[in-house]
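Only one structure is covered here, and it is reproduced in the block below.
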Amino acid sequence: MDRLDELAIFVRIVEEGSLVRAAQRLRRSPPAVTRALAALEDRIGVRLVDRTTRRLAPTEAGRALYDRARAVVADYDAATAGAREAPVRGLLRITAPVQFGRRHIAPIATRFLDAHQDVEIELLLNDRNVDLIEEGIDIALRIGALADSTLSARPVGHVLRQWAASPAYLARHGTPRSPADLAQHEALLGTSRGAMEWNFAGSRRGAPLHLAGRLRVDDVETRLRATRDGRGIAQFLSYQIADDLAAGRLVRLLSDYEPPPLPVQLLTKGRAHRAPKIDAFLDFAVRRLTSLSVLSPD
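Quick look at the structure:
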């Protein structure tokens with residue numbers, strides 16, 4: 531994290547009077563905001579805010595720094611405004627998981643093309659995590675924890691891992707009430723090693739259940755069709771079955787045992803010298819993705 535970024539975070543903390551609200555406004559995690567404040571205080575060698583259980587307020591040193599930091603951040607925004615207004619043109623290479631890309635990224639991409647006549651887009655849909663540098667990707671939508679810390683991330687929400695079955699299947703075989711009940715049911719699985727075991731929260735937090743379903747499919751849409759047809763119980767990401775749950779084609783199961791939410795993020799290779807077309811698409815996409823009902827804020 532660069533020092534200008536720390537100052538911008540500090541300004542937002544003072545203005546919001548709360549670490550949590552500052553994190554929400556900045557679309558960062560509260561621990562990340564807390565670490566930025568601690569790093570700034572350590573470097574300066576003075577306490578910048580007084581914390582209580584209900585509110586946060588700047589110290590005398592914090593108020594003095596806030597006045598200067600606010601001016602520095604405002605000057606920076608003004609200085610970079612001209613660059614942000616540079617022409618948006620050229621080829622954008624974007625990747626996303628297949629189903630999420632079809633349903634949500636492709637419509638955003640076509641609307642972006644309507645708004646920017648000098649832009650071209652290559653949309654690469656696959657379910658593997660491509661190397662942005664090696665494969666020349668400008669923007670990637672990723673679901674799950676970010677392993678490569680060199681990438682710049684714009685959070686857009688979270689999804690859940692959910693279990694579901696058709697009403698017809700449950701009428702024939704009954705409804706499982708706990709993970710242990712799944713031993714009496716047919717599991718529809720993926721083909722990767724990780725897709726053949728399910729992890730549960732709740733009373734058996736973190737304990738994986740190893741499964742041996744008779745039907746294993748590497749394609750989400752095919753597995754979803756089999757679940758609708760009453761072939762068994764399957765696990766999906768929440769956005770993949772939102773329409774089926776709303777229409778009653780599938781029933782959500784074992785909600786008390788669902789693992790923690792997975793973050794959804796737009797990734798780029800970094801902020802330095804980023805082309806205007808990338809920033810323009812990020813801003814355009816983030817506004818639309820964060821409003822999707824299938825992505826929860828936390």
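Take the sequence shown: its letters are residues 531 to 828, numbered as in our numbering.
Ideal Cβ positions, reconstructed from N, Cα and C, are used throughout, including at glycine.
State the start and end residues of the unbroken beta strand (DSSP E) segment that holds Arg-684. 682–689
If you compare alpha carbons, which of Leu-578, Ala-639, Leu-690 and Ile-763 is closest to His-703? Ile-763
Can you name the start and end residues of the alpha helix (DSSP H) that Ala-626 belongs to? Segment 620–626 is the beta strand (DSSP E) holding Ala-626; no alpha helix (DSSP H) there.
Indicate whether Ala-756 and Val-750 have their beta-carbon atoms separated by less than 8 Å. no
Find the nearest neighbour of Arg-623 within the set Gly-631, Asp-711, Glu-650 and Pro-697, judged by alpha-carbon distance. Glu-650
Is the CB-CB distance between Tyr-596 and Pro-709 below 8 Å? no
Using DSSP with H/G/I as helix, E/B as strand and the rest coil, what is Ser-768? helix
Candidates Asp-605, Leu-567 and Ala-604: closest to Gly-592 by CA position: Leu-567
Taking the DSSP output, what are the residues bridged to Arg-581? Leu-586
Taking the CB atoms as reference points, tell me whether Gly-547 and Arg-585 lie closer together than 8 Å. yes
Supposed close pair Ile-673, Leu-767 - CB separation, criterion 8 Å: 7 Å
Buried or exposed (CB count within 10 angstroms, at least 16 for buried), Ala-552: buried
Would you kindly check if the distance between the Cβ of Thr-564 and the Cβ of Leu-578 is under 8 Å? no
Let me check one thing: in DSSP terms, what residues is Ile-763 bridge-paired to? Ala-717
For Thr-798, which beta-bridge partners are listed by DSSP? Ser-682
Quick check on this structure: which residue in Pro-560, Pro-827, Asp-809 and Arg-817 has the alpha carbon closest to the alpha carbon of Ser-619? Just to set this straight, residue 619 is Arg in the shown sequence, not Ser. Here the closest residue by C-alpha is Asp-809.
At the level of alpha carbons, what is the spacing between Arg-533 and Thr-798? 20 Å
Do you know how far the Cα of Leu-784 is from the Cα of Gly-743? 18 Å
May I ask you to report which of helix, strand or coil DSSP gives Glu-650? strand
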